[in-house]
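See below for the structure under consideration.
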Amino acid sequence: MAGTEDETTAGGVPRIVGTSPVRTDGWEKVSGQAMFIADLPLADAWIGGTLRSPVPRGRLRGIRRDPAFDWSRVSVVTAADLPGPNTVAMIREDHPVLAAEEVRFVAEAVALVAAPDPETLRAAIAAISLDIEGLPAVLTMEDALDGRIVIWGTSNILAEYCVSRGDVAAALHDADLVVEGEYRTGYQEHLYIETNGLVAIPHDGGAIEIVGSLQCPFYVRNALARGLALSPEQVIVRQVATGGAFGGKEDFPSVLAMHAAVLAQRCGRPVRMIYDRTEDIRATTKRHPSIVRHRTGVRRDGTIVGAEIDIVFDGGAYTTLSPVVLSRGILHAGGAYRIPAASIRGRAVATNTPPNGAFRGFGVPQTMFAIERQIDRIAATLGLDPLQVRRKNLLRTGDILPYGQVLEEDVGAEAVLERVVEISGYEAWHGKVGRSGASDGHGVSPVAVDGRGDSPRARDEQDGRSLARSGRRVRRGLGLSLFHHGSGFTGAGEDKIAGRVHVRLVPGPAGDADGVYEVLVSSTEMGQGAATVLCQIAAETLGVPLERVSMPLPDTSVVPDSGPTVASRTTMIVGRILVDACHDLAQRLTDARVAGERGPVTGKAVYQPTPGLAWDEVAYHGDAYKAYAWGADVVEVEVDEDTLEVSPVRAWAVVEIGKAVHPVLAAGQVEGGTLQGFGWACLEEIKSSGGRFLNDRMATYIVPTALDAPPITVEIIELPHPRGPLGAKGLGELPIDGPAPAFAAAVTDALGLFPCELPITPERLLALQDGPPTDLASAAESP
Amino acid sequence: MPLPHFEYVAARTVGEALDLWRERPACAYFAGGTDLLPQMRLGRRAPATIIDIKGVGGLDRIRETEAGLVIGAAVPLAVIETDPVVRADFPLLAECARVVGARPLRNRATLVGNICNASPAADTAVALLVLDGLVRTVGADGARELPVNEFFTGPGRTLLRPGELVTEVVLPRAAVWRGSYLRLSRRRGMDLATVGVLVACSNGASPPRYRIALSAVAPVPLRVRDAEALLDAEGAGGAGGHGWAATIGRAAEIARASCSPITDMRGTAEYRRDMVGVLVARGAAALAQAWVW
Chain A
761 MAGTEDETTA
771 GGVPRIVGTS
781 PVRTDGWEKV
791 SGQAMFIADL
801 PLADAWIGGT
811 LRSPVPRGRL
821 RGIRRDPAFD
831 WSRVSVVTAA
841 DLPGPNTVAM
851 IREDHPVLAA
861 EEVRFVAEAV
871 ALVAAPDPET
881 LRAAIAAISL
891 DIEGLPAVLT
901 MEDALDGRIV
911 IWGTSNILAE
921 YCVSRGDVAA
931 ALHDADLVVE
941 GEYRTGYQEH
951 LYIETNGLVA
961 IPHDGGAIEI
971 VGSLQCPFYV
981 RNALARGLAL
991 SPEQVIVRQV
1001 ATGGAFGGKE
1011 DFPSVLAMHA
1021 AVLAQRCGRP
1031 VRMIYDRTED
1041 IRATTKRHPS
1051 IVRHRTGVRR
1061 DGTIVGAEID
1071 IVFDGGAYTT
1081 LSPVVLSRGI
1091 LHAGGAYRIP
1101 AASIRGRAVA
1111 TNTPPNGAFR
1121 GFGVPQTMFA
1131 IERQIDRIAA
1141 TLGLDPLQVR
1151 RKNLLRTGDI
1161 LPYGQVLEED
1171 VGAEAVLERV
1181 VEISGYEAWH
1191 GKVGRSGASD
1201 GHGVSPVAVD
1211 GRGDSPRARD
1221 EQDGRSLARS
1231 GRRVRRGLGL
1241 SLFHHGSGFT
1251 GAGEDKIAGR
1261 VHVRLVPGPA
1271 GDADGVYEVL
1281 VSSTEMGQGA
1291 ATVLCQIAAE
1301 TLGVPLERVS
1311 MPLPDTSVVP
1321 DSGPTVASRT
1331 TMIVGRILVD
1341 ACHDLAQRLT
1351 DARVAGERGP
1361 VTGKAVYQPT
1371 PGLAWDEVAY
1381 HGDAYKAYAW
1391 GADVVEVEVD
1401 EDTLEVSPVR
1411 AWAVVEIGKA
1421 VHPVLAAGQV
1431 EGGTLQGFGW
1441 ACLEEIKSSG
1451 GRFLNDRMAT
1461 YIVPTALDAP
1471 PITVEIIELP
1481 HPRGPLGAKG
1491 LGELPIDGPA
1501 PAFAAAVTDA
1511 LGLFPCELPI
1521 TPERLLALQD
1531 GPPTDLASAA
1541 ESP
Chain B
10 MPLPHFEYVA
20 ARTVGEALDL
30 WRERPACAYF
40 AGGTDLLPQM
50 RLGRRAPATI
60 IDIKGVGGLD
70 RIRETEAGLV
80 IGAAVPLAVI
90 ETDPVVRADF
100 PLLAECARVV
110 GARPLRNRAT
120 LVGNICNASP
130 AADTAVALLV
140 LDGLVRTVGA
150 DGARELPVNE
160 FFTGPGRTLL
170 RPGELVTEVV
180 LPRAAVWRGS
190 YLRLSRRRGM
200 DLATVGVLVA
210 CSNGASPPRY
220 RIALSAVAPV
230 PLRVRDAEAL
240 LDAEGAGGAG
250 GHGWAATIGR
260 AAEIARASCS
270 PITDMRGTAE
280 YRRDMVGVLV
290 ARGAAALAQA
300 WVW
């Protein structure tokens, strides 16, 4: 066999990495053969359901069962019935499996019921009533911070970190101007196509098997081992085909698996729990709302000399992953810019709302929106073009980040920025020379620069709106953003995880020559293409055709723990370990065959810490990420001057990701992340009243449809990174960091208004228009 | 929530549908089901029996009669929006039908279902208001013919009596009304109206006559007759003449004052009211531009 990398690359075998073969899971999904959790036939399974708190906070005085109901027909579990500690093990153990003495958010689980059919389940849940004495609730970040009502710890602070470098006070004192701004972002619901769902199957001796739609099988295994007081080996977790996740199946399945598992143990049969959309929106995690305040010292030419940044995230009722979401938000809060002196403080606060958790971007979209808007504000204040300020301050190789990391790699910031400026015609639009984006009224319709916008206009006419749209007064605007995203876990995270990968050759009838290679990892395919990309990396490294490599759905009793499928780590980190495992397989195979052994052979590798990188967890200082991917977006919006409807009509996204293993899938990630970013920017919003989410259906939680998607031009730049497999860095999260600030900047360009809060709705723009004029200069003070 | 249990029965004639309603408990008539089934899932309606009228003879057709064009209760919106006669003679109805939900939904959803659901945001209702549509029903007390302009009595409420079945809608051929349905929604695809305004003019009539109907800004879809009367009076000498812009502005102000929007998930009351003014002015101005008088 072509067993070494040398033969592959030098021996004329066609390259696989860098090409775009058909996805390995494509056919079974488009042909309807893939088995999702709702498709699994389980004849004797019962259905599990959840009774939830109707109030945001209260003392749970009792759970009453209607004596008229025949309780022998169902199984019920409350906190008092749990077999282990009442905790869903994550970062902390503050999240109960079921509320015991106090309920802390609307939709918190209080009791579980399993029944043979939906009608019995519904009747049983209706026959349980909760005796709750309402307590005053904390529903906003402001109320959490003022601390008059304490609902968590001693001060409602779930996590707090500070990062500092240099003498910020002196830098701000010596600056020509100090520009201040406050930026807010709202919730975002993942709205994966398939809701959270899984099945728990009880086995002999207390062992339990979980089969489900999930992102991180070993997180679930560890949570169940803790919560059910079992050994890890007594818990088997298997992923089935998963219809999207975006982080929404990172932490929450541990909660759902605990619920299904305790019910399954109680009734002694498999229990299926699949949320409907409403329950999924009400009860599962969302993107953290945020408030970020900036004070930036600048010179008159736009050079940043110092920055103070204060970040608050709304964590919801329990810790979940908030400390790490906050951490990543803080570490990216300075944006892709050189800030010689910086002081960054971040706090995640507790509120009586559903716990927030992982969502693509993981804290970065919030702080990136703030820094990018702040750069625009600096430009407007100084009368410079936003592009000019970005060019002046962008990070270059050798620069030092606020937490002390020296960027020794090829920094892609300038490359992506200049390329997106070129392909979008940004400079032609803005008149080449620096000018204020906020003070000039321009972009008055009809505008067609270099044929821009032809496509959206043609589409308008197709959908019969040409007459309806006549008489509109329309402005167009162009906005820009520059952003970056660290690949893999923060700091020493990857060292702690110590991800492992196996690659197994199973010989065929003709021996090794027609054998099949299995990539055994805990990484999950959830639509993003991980299975295809990892098989490509293995095939290329092994020098075999892609058709001979497969990646089975992970089963914790079979695959090693490669770590969770999160943090833009799968391609770069797991892919790198996979390369090592392939090399190990080649060696072991040679040894085995020389020794006359004929059976399957497995190559193994474990994550190797990178020499020379250091991270101080206490001081929050050092090499936070092993690599950074870079991105720049330009967005063109159309604004109706009278209705203040804003829609993106064209977008350009340029990303630098080291190496695109599968260029078509990579571009798909960028397109999808960009559209998801537009949704967050102008449409998506959770409306709530008294802690209860009101828009809990797809008819009322509004995300972009295909008709709302503008043409998106994607370009990929490759500056191969030595730590990634064949140079690849992380990509999954990067594309959602840039669209919202670019969208906001385009609105500023079109209307001269300066939105600082997401989503940018017509009502918010109307309020800005009717409010006091946006006097950006007043935000600056001369020290 | 999964659908609760219910009994499904299919009627073959109108009489059979009425009999089924009388004989069975807690019935609901069922055509496209695109409103009924979601409402059952949400627990807002819980019929024990669903009577499918899609197979009732004659209700699945659009036909020409002396009274006007008749659209049967089982005709889906996708058929109406593409029907050549509707497009030629009742273009406003085609336009309003075309923006309901998305195409797969319109393959099932019906015009009659849209008005019986009586949503304040019903897109087709504004067209029927402007076209002076008539609703034909059959019930225990016999047949009735109700003007669409009197049909809606509140959100989800109509003049229909229990068990009364709407069999068809009649579009009288009095005049050809042209205009545009200006509709704001949060997104382009698959969304309910935040505000809907239909401004229309009777083509070829002399003097021209104007009609204005609003959706999603009051408990029911409604006409703004005072604004219509103003445009009729001031436009008699020819729209687009001197002072017409000011007249449009006054009509828009009347429309603003006559709506009573609420704040909900899709928009605030203030924004909706403002947009009624903007869209009435825009629609009226578009009429002036669209035709040479």
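Protein chains in written order, with our numbering: chain A, 761 to 1543; chain B, 10 to 302.
Here a beta-carbon is modelled for each residue, glycine too, at the ideal position from N, C-alpha and C.
It should be emphasised that the depicted structure is a prediction, and the values quoted were computed from it without experimental measurement.
By the 8 Å beta-carbon criterion, what residues does the stretch 173-205 of chain B contribute toward chain A?
S189, Y190, L191, R192, L193, R195, R196, R197, G198, M199, D200, L201
Rounded to the nearest angstrom, how far is the Cβ of V726/A from that of A1341/A, given a contact under 8 Å?
What the structure shows of chain A is the stretch from 761 to 1543, and residue 726/A is not part of that stretch, so it cannot be assessed.
Run down chain A in chain order and give the residues with a C-beta less than 8 Å from the C-beta of Y280/B.
The count along the second sequence starts at 1 and reaches residue 280/B at position 271. Simply P1522, E1523, L1526.
Quick one: residues in its chain with C-beta nearer than 7 Å to the C-beta of V1174/A, no 5 flanking neighbours on either side, listed in chain order?
For the purposes of this step, residue 1174/A is identified with residue 414 of the first sequence, where counting begins at 1. For the record, residue 1174/A in the displayed sequence is Glu; it is not Val. Excluding sequence neighbours, E1174/A sits near L1154, R1156.
Cβ-based contacts, 7 Å cut-off: residues of the stretch 1444-1465 of chain A near chain B:
K1447, L1454, N1455, T1460, I1462, P1464, T1465
Is P34/B close to chain A? Criterion is C-beta to C-beta, closer than 7 Å.
Indexing the second sequence from 1 puts residue 34/B at position 25. No - not a single Cβ of chain A is within 7 Å of the one on P34/B.
In chain order, what residues of the same chain have a beta carbon less than 7 Å from the beta carbon of A35/B, not counting five sequence neighbours either side?
In the second sequence, the residue the question calls residue 35/B occupies position 26. Answer for A35/B: P56, A57, T58, listed in chain order.
Between R833/A, I851/A, S832/A, L858/A, which lies nearest to G844/A when the distance is taken from Cα to Cα?
Counting from 1 along the first sequence, the entry for residue 844/A is found at position 84. Per the Cα distances, L858/A.
In chain C, which residues lie less than 7 Å from T1403/A when you measure between Cβ atoms?
Among the chains of the structure shown, chain C does not appear; the protein chains present are A and B.
Would you say R291/B lies against chain A (beta-carbon separation less than 7 Å)?
As a first step, residue 291/B is located in the second sequence; it is residue number 282 there, counting from the start. Answer yes: the Cβ-Cβ gap between R291/B and chain A drops below 7 Å somewhere.
At least one CB of chain B closer than 7 Å to the CB of G1437/A: is that the case?
Numbered from 1 along the first sequence, position 677 holds the residue referred to as residue 1437/A. For G1437/A, the answer is no, since every Cβ of chain B falls outside 7 Å of its Cβ.
In terms of residue numbering, what span does the beta strand (DSSP E) encompassing H1054/A cover?
Translated into positions along the first sequence, residue 1054/A becomes position 294. Residues 1050-1058.
Distance check for C268/B and D936/A, CA to CA, integer angstroms please.
Your numbering for residue 936/A matches position 176 in the first sequence. Your numbering for residue 268/B matches position 259 in the second sequence. One C-alpha to the other measures close to 53 Å.
Please report how far the alpha carbon of R192/B lies from the alpha carbon of L29/B, in whole angstroms.
Residue 192/B sits at position 183 when you count from the first residue of the second sequence. Residue 29/B sits at position 20 when you count from the first residue of the second sequence. Rounded to the nearest angstrom, the two C-alpha atoms are 39 Å apart.
What whole-angstrom Cβ distance do D1393/A and V1085/A have, given they're in contact under 8 Å?
Position 633 of the first sequence, counted from the first residue, corresponds to residue 1393/A. Position 325 of the first sequence, counted from the first residue, corresponds to residue 1085/A. That belief does not hold up - the Cβ atoms of D1393/A and V1085/A are roughly 22 Å apart, past 8 Å.
With 8 Å as the C-beta to C-beta threshold (strictly closer), list the residues of the stretch 1464-1494 of chain A near chain B in chain order.
P1464, T1465, A1466, L1467, D1468
Please decide whether T133/B counts as near chain A, where near means a Cβ-Cβ distance under 7 Å.
To locate residue 133/B, count along the second sequence from 1; it is residue 124. Closer than 7 Å: no.
DSSP three-state call for C268/B: helix, strand or coil?
Translated into the one-based positions of the second sequence, residue 268/B becomes position 259. C268/B falls in the coil class under three-state DSSP.
Buried or exposed for T1011/A, please, with buried defined as at least 16 other CB atoms from any protein chain shown within 10 angstroms of its CB.
For the purposes of this step, residue 1011/A is taken as residue 251 along the first sequence, with counting starting at 1. Checking the displayed sequence, the identity of residue 1011/A turns out to be Asp instead of Thr. It is buried - the Cβ of D1011/A has at least 16 other Cβ atoms within 10 Å.
Secondary structure of H1190/A, DSSP reduced to three states:
Reading the first sequence from its first residue, position 430 is the one you call residue 1190/A. Three-state result, H1190/A: coil.
Is the Cβ-Cβ distance between I797/A and G972/A less than 7 Å?
Mapped onto the first sequence, residue 797/A falls at position 37. Mapped onto the first sequence, residue 972/A falls at position 212. Yes, these two residues count as a Cβ contact at 7 Å.
Tell me, please, whether the CB atom of T277/B is closer than 7 Å to any CB atom in chain A?
The residue given as residue 277/B occupies position 268 in the second sequence. Yes, T277/B lies at the interface with chain A (some Cβ there is under 7 Å from its Cβ).
Delimiting residues of the beta strand (DSSP E) encompassing P1267/A:
For the purposes of this step, residue 1267/A is identified with residue 507 of the first sequence, where counting begins at 1. Taken as a continuous stretch (DSSP letters only), the beta strand (DSSP E) holding P1267/A covers 1260-1268.
So Y1385/A and G1246/A are supposed to be a Cβ contact under 8 Å. How far apart are they, rounded?
In the first sequence, the residue the question calls residue 1385/A occupies position 625. In the first sequence, the residue the question calls residue 1246/A occupies position 486. Confirmed, Cβ separation roughly 3 Å.
Burial state of C922/A (16 or more Cβ within 10 Å):
The residue given as residue 922/A occupies position 162 in the first sequence. Exposed is the call here.
Please report how far the alpha carbon of D708/A lies from the alpha carbon of V1463/A, in whole angstroms.
Nothing can be reported for residue 708/A, as the shown portion of chain A is limited to 761 through 1543.
Presumed contact (8 Å Cβ cut-off) between A960/A and A1024/A, rounded CB distance
For the purposes of this step, residue 960/A is identified with residue 200 of the first sequence, where counting begins at 1. For the purposes of this step, residue 1024/A is identified with residue 264 of the first sequence, where counting begins at 1. About 4 Å; that satisfies the 8 Å criterion.
Taking the alpha-carbon of P1314/A as reference, which of A897/A, S813/A, T1002/A has the nearest alpha-carbon?
Locating residue 1314/A in the first sequence gives position 554, counting from the first residue. Of A897/A, S813/A, T1002/A, the residue nearest in Cα terms is T1002/A.
Could you tell me which residues DSSP pairs with M1332/A in its beta bridges?
Residue numbering aside, residue 1332/A sits at position 572 when the first sequence is read from its first letter. Answer is none; M1332/A lacks a bridge partner.
Starting from the C-beta of E32/B, find all residues in its chain whose C-beta is less than 8 Å away, skip the five residues before and the five after it, and write them out in chain order.
The residue given as residue 32/B occupies position 23 in the second sequence. Once the five neighbours on either side are set aside, E32/B has no close Cβ partner at all.
Our contact map puts Y1277/A next to A1291/A with C-beta atoms below 8 Å; I'd like the distance itself, whole angstroms only.
Residue mapping note: residue 1277/A aligns to position 517 of the first sequence, counting from 1. Residue mapping note: residue 1291/A aligns to position 531 of the first sequence, counting from 1. The pair is not a contact, with the Cβ atoms about 13 Å apart (cut-off 8 Å).
In three-state terms, what does DSSP make of D1223/A?
In the first sequence, counting from the first residue as 1, residue 1223/A sits at position 463. Model confidence at D1223/A stands at a pLDDT of 38, short of 50, so the residue's coordinates are unreliable and nothing is read from them.
Beta-carbon proximity of A1077/A to N1112/A, cut-off 7 Å
As a working mapping, residue 1077/A is identified with position 317 in the first sequence. As a working mapping, residue 1112/A is identified with position 352 in the first sequence. Against a cut-off of 7 Å, the Cβ pair of N1112/A and A1077/A comes out as a contact.
Is the beta carbon of V1149/A less than 7 Å from the beta carbon of I1160/A?
To locate residue 1149/A, count along the first sequence from 1; it is residue 389. To locate residue 1160/A, count along the first sequence from 1; it is residue 400. No, the Cβ-Cβ distance between V1149/A and I1160/A is not below 7 Å.
Contact set between the stretch 865-883 of chain A and chain B, restricted to residues whose Cβ is under 9 Å from the partner:
P878, E879, R882
Please identify the residue among V285/B, I89/B, S215/B, A82/B whose C-alpha is closest to the C-alpha of A26/B.
In the second sequence, residue 26/B corresponds to position 17, counting from 1. Minimum Cα distance to A26/B is reached at A82/B.
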